[in-house]
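Peer 1: Residue numbers (the numbering used here), protein chains in the order written: chain A, 1 to 204; chain B, 205 to 408.
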DNA sequence: GTCGAATATTGCAGAGGCTGCAAACTTTTA
DNA sequence: TAAAAGTTTGCAGCCTCTGCAATATTCGAC
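1) Under 7 Å: does the beta carbon of residue 104 of chain A sit that close to some heavy atom of the ligand ZN?
2) Note down, in chain order, all residues in the stretch 101–113 of chain A with a beta-carbon under 9 Å from any beta-carbon belonging to chain B.
3) So which residues of chain B does residue 73 of chain A contact, with C-beta pairs closer than 7 Å?
4) Against residue 152 of chain A, what residues of chain B qualify as contacts under a CB-to-CB distance less than 8 Å, listed in chain order?
5) Would you mind telling me which residues of chain A sit closer than 7 Å to residue 296 of chain B, beta carbon to beta carbon, in chain order?
6) Quick one: what's got a C-beta closer than 7 Å to residue 388 of chain B's C-beta in the same chain, skipping five residues either side?
7) Are residue 277 of chain B and residue 339 of chain B close, meaning C-beta to C-beta below 8 Å?
8) At the 8 Å Cβ level, is residue 122 of chain A part of the contact set with chain B, yes or no?
9) Cβ atoms of residue 121 of chain A and residue 24 of chain A: under 8 Å apart, would you say?
10) Which residues of chain A have a Cβ atom closer than 7 Å to the Cβ of residue 370 of chain B, listed in chain order?
11) Report back the beta-carbon spacing between residue 143 of chain A and residue 78 of chain A to the nearest angstrom; my notes put them in contact at under 8 Å.
12) State the Cα-Cα distance for the pair residue 377 of chain B and residue 221 of chain B, rounded to the nearest angstrom.
13) Going straight from the alpha carbon of residue 408 of chain B to that of residue 402 of chain B, what length do you get?
14) Against chain A, does residue 348 of chain B count as a neighbour if the rule is that its beta carbon must be under 8 Å from one of theirs?
15) Check each candidate in A/163, A/88, A/167, A/160 and name the one with the smallest Cα separation from residue 102 of chain A.
16) When burial is assigned at 16 or more other CB atoms within 10 Å of the CB, is residue 253 of chain B buried or exposed?
17) Which two residues bound the contiguous alpha helix (DSSP H) that contains residue 333 of chain B?
18) Determine the chain A residues that contact residue 261 of chain B at a beta-carbon separation under 7 Å, and present them in chain order.
19) What does the alpha-carbon distance come out to for the pair residue 169 of chain A and residue 265 of chain B?
20) Could you check what DSSP says for residue 3 of chain A in three-state terms: helix, strand or coil?
21) Given this structure, state the Cα-to-Cα distance separating residue 113 of chain A from residue 119 of chain A, to the nearest angstrom.
22) Can you tell me which of A/67, A/80, A/9, A/188 puts its alpha carbon nearest to the alpha carbon of residue 93 of chain A?
23) From this set, A/30, A/128, A/53, which residue's C-alpha is nearest residue 158 of chain A's C-alpha?
24) Keeping to the same chain, check which residues put their C-beta closer than 7 Å to that of residue 39 of chain A; ignore five residues upstream and five downstream.
25) Please report how far the alpha carbon of residue 360 of chain B lies from the alpha carbon of residue 6 of chain A, in whole angstroms.
26) Are the C-beta atoms of residue 127 of chain A and some chain B residue less than 8 Å apart?
27) Which of helix, strand or coil does DSSP assign to residue 196 of chain A?
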């Protein structure tokens with residue numbers, strides 16, 4: 001249908017989604033500590049053992065497992081013209097990820113609420129971002145001509161991740177502004193050296 | 205001796221330290237997966253059950269448990285004159301923490317190496333910083349007159365945490381420059397809007 | 001359709017993490 | 001020195017997670 005998928009793969013995706021949403025729903029209702037893997041797998045109508053064929057653990061299921069793929073951050077960042085300032089380029093490079101989140105708006109709002117209410121999950125969210133982060137380090141290093149073990153690329157990558165995460169949490173807790181706008185604002189603040197956003201109505 | 209401590213408390217501190225160093229040493233040697241709580245408690249000569257009287261788990265023991273206290277970030281940040289730019293003020297405010305790390309240089313180098321080699325621990329390090337982070341949010345909000353649920357204080361706090369962590373990791377992996385210098389450089393980069401540190405030989 | 005081949009699901013056993021409880025022990029204090 | 005306060009320990013028990021082998025399902029080629 002959508003891509004080259006046999007019935008088999010479709011069922012797998014279905015099971016994966018069932019487990020993930022069941023996990024989110026149950027944890028949202030009862031809290032992380034009061035939901036067992038058995039509860040989740042029962043709700044998804046598979047055996048507990050099968051749960052672990054899909055996810056490494058509760059955390060993993062709540063985060064949705066491996067990041068959906070596509071062109072890597074690396075490629076995307078290097079695709080932005082070299083004249084564009086670094087922070088701006090980074091913003092452009094993560095725009096597709098933001099779009100991906102917006103495309104699954106409801107799940108992400110739920111997921112972020114769950115994370116917010118079960119703070120032991122926040123590290124998990126960080127960990128998820130981290131896989132991209134290492135890549136970002138390399139990309140920034142390549143773009144700026146710095147060594148990969150220089151502190152600069154490291155700092156840029158972790159900071160960008162922090163900004164994205166902050167915008168996401170703010171988005172989820174208020175849900176009054178567009179996520180992309182929030183991310184843009186966060187990156188603008190970064191570019192301004194962490195000064196307060198005064199009159200930001202500059203022409204875009 | 206040092207402060208108001210009876211023999212009892214001294215013994216507790218001793219046991220805690222023994223567990224922590226045993227955990228670090230064993231995990232450094234064998235890797236996180238190949239060290240059990242039983243191994244650690246045996247090395248520290250206490251029962252496994254006692255281990256859990258001190259630490260919530262292996263991660264916790266490796267990180268050293270609760271952060272050593274003192275004047276909170278909040279107080280320290282507000283103690284910096286209001287004229288000082290925010291990022292600079294933040295740097296000043298965390299200086300004592302950096303000093304605390306340098307005072308336990310060997311343990312921290314070992315700890316950070318362990319974290320680096322067992323990446324599932326990095327989230328734990330983030331979590332550790334997070335307890336201070338919420339406080340930092342409030343302090344930044346107070347200092348800038350922003351609401352506490354504004355994105356700006358959030359972003360500043362998480363970014364500062366990211367910068368500190370990045371400097372620490374860089375320090376641990378190379379150990380060729382003073383930690384405080386690295387932290388200063390990181391904050392300078394933040395203040396410069398994530399631009400490359402060119403001629404940084406400005407008068408200090 | 002039918003028969004393997006590939007793949008998914010499941011149960012089971014077992015190691016390990018972690019908690020509550022109560023007994024035993026040690027230090028402190030009166 | 002006896003009671004109070006605090007610490008250590010063992011034990012039972014639940015939960016997480018993994019490896020393995022048996023079972024069931026789906027796919028592809030006849």
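Beta carbons are placed, not taken as given, at the ideal position from N, Cα and C, and that holds for glycine.
Peer 2: Answer, in terms of the structure:
1) This structure simply doesn't include the ligand ZN, nor any ligand for that matter.
2) none
3) Here residue 73 of chain A refers to the residue found at position 73 of the first chain. None at all; the shortest Cβ gap to chain B is about 16 Å.
4) To locate residue 152 of chain A, count along the first chain from 1; it is residue 152. Correct list: 393, 400, 401.
5) One-based indexing of the second chain puts residue 296 of chain B at position 92. What residue 296 of chain B touches in chain A: nothing, since even the nearest Cβ is about 15 Å away.
6) Residue mapping note: residue 388 of chain B aligns to position 184 of the second chain, counting from 1. The answer, listed in chain order, is 295.
7) Looking up residue 277 of chain B in the second chain gives position 73. Looking up residue 339 of chain B in the second chain gives position 135. Result yes, Cβ atoms of residue 277 of chain B and residue 339 of chain B sit closer than 8 Å.
8) Taking the first residue of the first chain as 1, we reach residue 122 of chain A at position 122. By this cut-off, residue 122 of chain A is an interface position.
9) Mapped onto the first chain, residue 24 of chain A falls at position 24. Mapped onto the first chain, residue 121 of chain A falls at position 121. Not a contact, by the Cβ cut-off of 8 Å.
10) Position 166 of the second chain, counted from the first residue, corresponds to residue 370 of chain B. Those are 151, 154, 155, 158, listed as they occur along chain A.
11) Sequence index remark: in the first chain, residue 143 of chain A carries index 143 (1-based). Sequence index remark: in the first chain, residue 78 of chain A carries index 78 (1-based). Yes, they are in contact, since the Cβ atoms of residue 143 of chain A and residue 78 of chain A sit about 6 Å apart, within 8 Å.
12) For the purposes of this step, residue 377 of chain B is identified with residue 173 of the second chain, where counting begins at 1. For the purposes of this step, residue 221 of chain B is identified with residue 17 of the second chain, where counting begins at 1. Answer to the nearest angstrom: the Cα atoms are 24 Å apart.
13) Mapped onto the second chain, residue 408 of chain B falls at position 204. Mapped onto the second chain, residue 402 of chain B falls at position 198. Bear in mind that the predicted position of residue 408 of chain B carries a pLDDT of just 42, short of 50, making it unreliable; the figure below should be weighed with that in mind. Between residue 408 of chain B and residue 402 of chain B, the C-alpha separation is close to 16 Å.
14) Along the second chain, read from residue 1 onward, the residue named residue 348 of chain B stands at position 144. At least one chain A Cβ lies under 8 Å of residue 348 of chain B.
15) Taking the first chain and counting its residues from 1, one reaches residue 102 of chain A at position 102. Minimum Cα distance to residue 102 of chain A is reached at A/167.
16) The residue you call residue 253 of chain B lines up with position 49 of the second chain. With fewer than 16 other Cβ atoms within 10 Å, it is exposed.
17) As a first step, residue 333 of chain B must be located in the second chain, where it is residue number 129. 326–348 is the extent of the alpha helix (DSSP H) around residue 333 of chain B.
18) For this step, residue 261 of chain B is matched to residue 57 along the second chain. Simply none; closest approach about 11 Å.
19) Walking along the first chain from the start, residue 169 of chain A turns up at place 169. Walking along the second chain from the start, residue 265 of chain B turns up at place 61. Computed Cα separation, rounded: 29 Å.
20) In the first chain, the residue the question calls residue 3 of chain A occupies position 3. The pLDDT assigned to residue 3 of chain A is 45, lower than 50, so where the model puts this residue is not dependable, and the model offers no usable value.
21) In the first chain, the residue the question calls residue 113 of chain A occupies position 113. In the first chain, the residue the question calls residue 119 of chain A occupies position 119. In a straight line, the C-alpha of residue 113 of chain A is about 10 Å away from that of residue 119 of chain A.
22) As a working note, residue 93 of chain A is residue 93 in the first chain. Minimum Cα distance to residue 93 of chain A is reached at A/80.
23) Here residue 158 of chain A corresponds to residue number 158 of the first chain, with the count starting at 1. It is A/128.
24) What you label residue 39 of chain A is simply residue 39 of the first chain in a count that begins at 1. So the list reads 26, once near-sequence residues are dropped.
25) As a working mapping, residue 360 of chain B is identified with position 156 in the second chain. As a working mapping, residue 6 of chain A is identified with position 6 in the first chain. Their Cα atoms are separated by approximately 48 Å.
26) Residue mapping note: residue 127 of chain A aligns to position 127 of the first chain, counting from 1. Taking Cβ atoms only, chain B reaches closer than 8 Å to residue 127 of chain A, which makes this a yes.
27) Residue 196 of chain A sits at position 196 when you count from the first residue of the first chain. Of the three classes helix, strand and coil, the one that applies to residue 196 of chain A here is coil, per DSSP.
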